[in-house]
Each structure stands twice: as C-alpha cells, then as structure tokens.
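Student:
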Amino acid sequence: MTIQLPTGDGGFKAYEPRLEPLAVTTGSPFTSRTVFSAAHVVADPFADVSPDSPAAVDWDATLAFRRHLWSHGLGVAEAMDTAQRGMGLDWAGAAELIRRSAAEAKSVGGLIACGVGTDQLTGPATLDEVRAAYEEQLALVEESGAQAILMASRALAAAARSPEDYLEVYGNLLRQATEPVILHWLGPMFDPALEGYWGSSDLDAATDTFLQVIAAHPDKVDGIKVSLLEAQREIDIRRRLPQGVRCYTGDDFNYPELIAGDDQGFSHALLGIFDPLGPLAAEAVRVLDTGDAKGFRELLDPTVELSRHLFQAPTRFYKTGVVFLAWLAGHQSHFTMVGGLQSARSLPHFARAYELADGLGLFPDPKLAEERMKNLLSLYGVTQ
Numbered sequence: 161m162t163i164q165l166p167t168g169d170g171g172f173k174a175y176e177p178r179l180e181p182l183a184v185t186t187g188s189p190f191t192s193r194t195v196f197s198a199a200h201v202v203a204d205p206f207a208d209v210s211p212d213s214p215a216a217v218d219w220d221a222t223l224a225f226r227r228h229l230w231s232h233g234l235g236v237a238e239a240m241d242t243a244q245r246g247m248g249l250d251w252a253g254a255a256e257l258i259r260r261s262a263a264e265a266k267s268v269g270g271l272i273a274c275g276v277g278t279d280q281l282t283g284p285a286t287l288d289e290v291r292a293a294y295e296e297q298l299a300l301v302e303e304s305g306a307q308a309i310l311m312a313s314r315a316l317a318a319a320a321r322s323p324e325d326y327l328e329v330y331g332n333l334l335r336q337a338t339e340p341v342i343l344h345w346l347g348p349m350f351d352p353a354l355e356g357y358w359g360s361s362d363l364d365a366a367t368d369t370f371l372q373v374i375a376a377h378p379d380k381v382d383g384i385k386v387s388l389l390e391a392q393r394e395i396d397i398r399r400r401l402p403q404g405v406r407c408y409t410g411d412d413f414n415y416p417e418l419i420a421g422d423d424q425g426f427s428h429a430l431l432g433i434f435d436p437l438g439p440l441a442a443e444a445v446r447v448l449d450t451g452d453a454k455g456f457r458e459l460l461d462p463t464v465e466l467s468r469h470l471f472q473a474p475t476r477f478y479k480t481g482v483v484f485l486a487w488l489a490g491h492q493s494h495f496t497m498v499g500g501l502q503s504a505r506s507l508p509h510f511a512r513a514y515e516l517a518d519g520l521g522l523f524p525d526p527k528l529a530e531e532r533m534k535n536l537l538s539l540y541g542v543t544q
C-alpha cells in the first residue's frame with residue numbers, strides 16, 4: 161500500500177509507509193549528558209478564538225505530552241520558543257504553563273527548567289522596565305521550584321544602546337537569582353527582533369560580551385544554550401567557558417556531533433527537535449552513556465535531515481512541523497495551533513516531514529499516522 165505525497169513542483173510521489181515503529185526502550189536516568197526537550201503546547205481546538213486572542217490551551221493534553229517526555233528520561237524546557245512563546249502564547253499563558261508544568265514535574269520527579277523573558281512588555285520600554293519585567297518572571301519561575309532559563313529579550317534588544325547595557329541588566333539578574341540559571345542566546349534566524357543581541361551584529365564582538373556576563377558571575381550560571389546554527393562557533397564558545405559552566409546545544413542542525421563532542425569537551429542538549437525525537441533521542445543518549453559514541457551517532461545522525469527540514473527558513477515556523485508530527489504520532493487528537501500557526505507551512509512541507517519521520521520509525525502507530533496524513537491531504541483536495 162502506498163500514499164501519494166505532493167512533491168512541491170506540481171507532481172506527486174508514491175510513498176510506502178513503514179509497518180512497524182522503531183523499537184526503543186526506557187531505562188535509568190542519563191549519566192553522561194543532561195538533556196532537555198523544549199516542549200510544544202497543545203491548543204484547545206474547540207475554543208472560539210481568533211489568531212489575536214489570548215492562547216486557548218488544552219492543559220490535559222499539554223501536560224500529558226510532558227509526562228511522555230519525562231517517561232523517557234528527558235528534561236522539559238518549558239515556556240520556550242517551541243511553546244510558541246512570543247508567537248501566540250503571551251505572558252499570562254506562559255505563566256500558567258510554568259505553574260502547571262512545574263507542579264506536574266514535582267509529582268512525577270521530572271527535570272524541568274522554565275523560560276524567563278520580558279514578553280509582558282508590549283511596547284517600547286526603558287532598561288529599568290526591561291529589568292523589572294525580567295525580575296517578575298524570574299520570581300515566578302523560582303517560586304514554582306523550576307530552574308530558570310534567562311531568555312533573550314526583544315525589549316532589551318530594542319532598548320539597549322551598548323554592550324554595557326546588556327552587562328548591567330544581566331548582571332543585576334544573576335546577582336538576584338537564588339540558584340544557577342541557564343543563559344539562552346537565540347539567534348535572529350529564530351527571531352529577527354533579536355538581531356544585534358549582546359550589543360553587536362558582529363558575532364565575535366557579541367560572543368565576547370556574552371562571555372563577559374558569564375565570567376563575572378560563574379557561580380550563578382549553570383550553563384548556556386547557544387542557538388546560532390553554527391557548530392564551530394558553539395565549539396569555540398564551549399571551550400572558553402569557565403570551569404563548571406555547561407554548554408547546552410540549541411543547534412538543531414548539528415546536534416549529534418556537538419553532543420558527542422571531541423577530546424576537548426562536549427555539549428549537553430536543550431533542543432526543540434527533541435520534542436518529536438524524544439524516545440529516539442533518549443535511546444541514543446543511553447547508548448552514549450555506555451561510551452559508545454559511534455552507536456550514538458548511528459542512531460542520531462539519520463535524524464538530522466528531518467530536523468533541517470523542520471527548521472528550514474523561515475526558521476521560526478519550525479513549531480508548525482513539531483506540532484504536526486505530534487498529531488501524526490497520536491500525542492494529540494487534532495492539528496490545531498495557538499494563533500492559527502498550523503497554516504505557517506505548505507502541504508509539500510508537511511508531506512516531506514511525514515515521509516522523513518515515518519522513515520525514521522518515529523510514529524508509535526504507523527497506521528494511525530498514515531490515516532491522519534491521508535485526512536490532511538484530502539482537505540487540500542488530494543485523492544488517493
């Protein structure tokens with residue numbers, strides 16, 4: 161049996177779906193790497209909302225997906241850009257998500273870290289207002305019992321006039337943090353409003369400022385997440401970190417080699433692609449825990465083609481592919497997104513994502529995934 165998939169050039173190709181999913185196991189906690197999956201939110205498809213309305217979230221399905229990730233040993237990076245933070249999920253929704261997920265993590269013993277930003281600011285802001293917004297969110301995350309991830313701020317990028325402004329704002333936040341945080345450098349390919357972050361569009365100069373922040377407060381920085389999609393730059397930054405400060409790769413193009421590392425070190429992981437790859441990624445890390453880097457790469461390298469497809473430009477719309485795959489995999493009953501973002505990718509894009517994910521054995525029930533893919537195709541007028 162085959163399924164006809166659109167190819168993007170007006171034609172179709174016959175694809176024969178897998179009959180069985182990839183066999184994965186669960187086991188003991190990871191020992192060689194700390195691994196977070198940045199998890200998506202599940203929209204409430206029955207809410208009468210518009211793309212400009214506050215997010216309507218299906219809390220039961222959203223928390224069930226987090227339990228799925230925890231069951232495989234992955235940590236959850238909550239209220240990050242994968243959860244449509246700043247692209248449909250406002251601060252009120254993010255705050256509720258943080259409270260609920262942190263409580264769920266406590267109940268199951270799951271690892272969780274939550275994004276701290278400034279998205280309650282909706283217009284031009286001063287540096288003092290940016291700092292106050294960060295402080296409000298940091299307090300909420302710490303009160304929830306989760307680790308804080310200091311996210312890049314659109315408001316700070318707009319308000320800062322020099323690298324010193326970044327040093328001042330982040331310095332104040334780190335001095336206030338009660339526990340070590342993760343610093344997140346998100347590149348403009350993920351969010352164009354973050355162009356020139358750390359005070360310069362020259363990445364070498366920006367890197368120097370970023371490292372200055374860490375060097376001034378190494379005891380308050382658990383690690384950094386670098387999302388620049390440049391493997392060598394991440395490696396260079398990793399090698400310049402103070403002792404004890406981790407690098408969590410956010411590079412959805414080059415993660416296997418960065419996690420595997422080299423004779424001078426390695427990266428941990430905090431990745432959006434580990435949302436759809438959760439069980440397979442966990443299996444690979446457990447292989448790496450045994451010292452088998454080759455086996456790790458053999459499992460994870462074949463996933464890069466799918467990741468590069470989902471994260472192709474405009475990269476910020478990768479979330480659409482992530483939720484699409486969660487629907488096909490049976491983690492939610494519908495393909496609806498906060499803010500109507502399910503419309504952000506084309507039918508040929510979905511078809512290729514289905515083909516690549518099915519080829520990897522990512523769908524627990526390949527027949528269900530096939531049926532749902534056919535249903536989507538039929539809505540676009542494709543007959544089988």
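Using my numbering, the letters of the sequence shown map in sequence onto residues 161 to 544.
Each residue gets a CB set at the ideal place from its N, CA and C atoms; glycine is no exception.
Bear in mind that the values here come from a model prediction, so they are computed numbers and not experimental data.
1) What residue from D279, S304, E302 and P284 has the CA that sits closest to A293's CA?
2) Assuming D435 contacts H200 under a Cβ cut-off of 8 angstroms, what Cβ separation, rounded to an integer in Å, is found between them?
3) For the alpha helix (DSSP H) containing H509, list its first residue and its last residue.
4) Roughly how many whole angstroms lie between the Cα atoms of S503 and R399?
5) Does H469 come out as helix, strand or coil in the three-state DSSP assignment?
6) Which value, in whole angstroms, describes the spacing of the CA atoms of D288 and G404?
7) Would you tell me roughly how many angstroms separate the C-alpha atoms of G541 and Y408, rounded to the nearest one?
8) Find the nearest neighbour of T186 within the set V209, L440, A320 and H494, judged by alpha-carbon distance.
9) Taking 6 angstroms as the limit between beta carbons, can you name the residues of its chain near L388, skipping five residues before and five after?
10) Return the first residue and the last residue of the beta strand (DSSP E) that Q164 is part of.
11) For my contact list, E302 and T338 are in at a C-beta cut-off of 8 angstroms; report their separation, rounded to the angstrom.
12) My output table needs one value for V483: the three-state DSSP class, helix, strand or coil.
13) Does the distance from the C-beta atom of M240 to that of G269 stay below 8 angstroms?
14) Please classify F206: does DSSP put it in a helix, a strand, or coil?
15) What does a CB cutoff of less than 8 angstroms around P462 pick up in its chain, not counting 5 residues either side in sequence?
16) Let's test the definition: count the other Cβ atoms within 10 Å of the Cβ of A162 and tell me whether it reaches 16, buried, or not, exposed.
17) Run through the stretch 312-370 for me and flag every whole beta strand (DSSP E) of 3 or more residues, listed as ranges in chain order.
18) Do A224 and G253 have their C-beta atoms closer together than 8 angstroms?
19) Can you look up F172 in the DSSP assignment and give me helix, strand or coil?
20) Per DSSP, what kind of secondary structure is L437 in: helix, strand or coil?
21) For S197, report the span of its alpha helix (DSSP H) as first-last.
22) Please specify which runs of the beta strand (DSSP E), each continuous and at least 3 residues long, are wholly inside the stretch 241-293, giving them in chain order.
23) Please classify T409: does DSSP put it in a helix, a strand, or coil?
24) So, helix, strand or coil for D382, using DSSP?
25) Rounded to whole angstroms, what is the Cα-Cα separation between L371 and G481?
26) On the CB-based measure, 16 or more other CB atoms within 10 Å of its CB, does D382 come out buried or exposed?
27) Would the beta-carbon of L430 fall within 8 angstroms of that of F190?
28) Should the stretch 475-492 be called in touch with the stretch 529-537, which here means at least 3 C-beta pairs below 8 angstroms?
29) Note down the Cα distance separating A391 from D208, rounded to an integer number of angstroms.
30) May I have the straight-line CA-CA distance separating R291 from L343, to the nearest angstrom?
31) Hey, A243 and L234: beta-carbon distance below 8 angstroms or not?
32) Taking buried to mean at least 16 other C-beta atoms within 10 Å of its own C-beta, is E324 buried or exposed?
33) So, helix, strand or coil for Q544, using DSSP?
34) Please report the distance separating the alpha-carbon of K534 from that of Q544.
35) Evaluate contact between the stretch 174-188 and the stretch 463-480, counting only Cβ atoms and requiring at least three cross-stretch pairs below 8 angstroms.
36) To which residues of the same chain is T496 closer than 7 angstroms at the C-beta, ignoring the five residues directly before and after it?
Tutor: A quick look at the data gives this:
1) Relative to A293, the option among D279, S304, E302 and P284 whose CA is nearest is D279.
2) 6 angstroms between Cβ atoms; contact.
3) Counted as a single uninterrupted DSSP element, the alpha helix (DSSP H) harbouring H509 occupies residues L507 to L520.
4) Taking the straight line joining both Cα atoms gives about 41 angstroms.
5) Correct three-state label for H469: helix.
6) The alpha-carbon of D288 is positioned some 31 angstroms away from that of G404.
7) Roughly 43 angstroms between the two C-alpha positions.
8) Of the listed residues, the one whose Cα sits closest to T186 is L440.
9) Excluding positions up to five away in sequence, the list reads G347.
10) For Q164, the enclosing beta strand (DSSP E) covers residues I163 to P166.
11) Going by Cβ atoms, the distance from E302 to T338 rounds to 6 angstroms, so yes, they are a contact pair.
12) V483 falls in the helix class under three-state DSSP.
13) Their beta carbons are not under 8 angstroms apart, which means M240 does not touch G269 by this criterion.
14) Correct three-state label for F206: coil.
15) Answer for P462: L520, listed in chain order.
16) The question names Ala, but residue 162 is Thr in the sequence shown. It is exposed - the Cβ of T162 has fewer than 16 other Cβ atoms within 10 Å.
17) The beta strand (DSSP E) runs lying completely inside the stretch 312-370 and spanning 3 residues or more are 341-346, given in chain order.
18) The Cβ-Cβ distance between A224 and G253 does not fall below 8 angstroms.
19) It is a strand residue.
20) For L437, the three-state secondary structure derived from DSSP is coil.
21) Careful: S197 lies outside any alpha helix (DSSP H), inside the beta strand (DSSP E) at V195 to A198.
22) Fully contained in the stretch 241-293 are the following beta strand (DSSP E) runs of length 3 or more, in chain order: 272-276.
23) Looking at T409 - three-state DSSP - the assignment turns out to be strand.
24) In the structure shown, D382 adopts extended strand secondary structure according to DSSP, grouped into three states.
25) In a straight line, the C-alpha of L371 is about 33 angstroms away from that of G481.
26) The residue in question, D382, is buried, as its Cβ has 16 or more Cβ neighbours within 10 Å.
27) Not a contact, by the Cβ cut-off of 8 angstroms.
28) Yes: at least three Cβ pairs fall under 8 angstroms.
29) Within the model, the alpha-carbon separation for A391 versus D208 is close to 43 angstroms.
30) Going by the C-alpha atoms only, they are around 15 angstroms apart.
31) Cβ distance not < 8 angstroms, so A243 and L234 don't count as in contact.
32) E324 should be labelled exposed.
33) Q544: coil per DSSP, three-state reduction.
34) If you take the alpha carbons of K534 and Q544, they lie about 8 angstroms apart.
35) These segments do not touch.
36) Cβ within range, chain order: A203, P205 and Q502.
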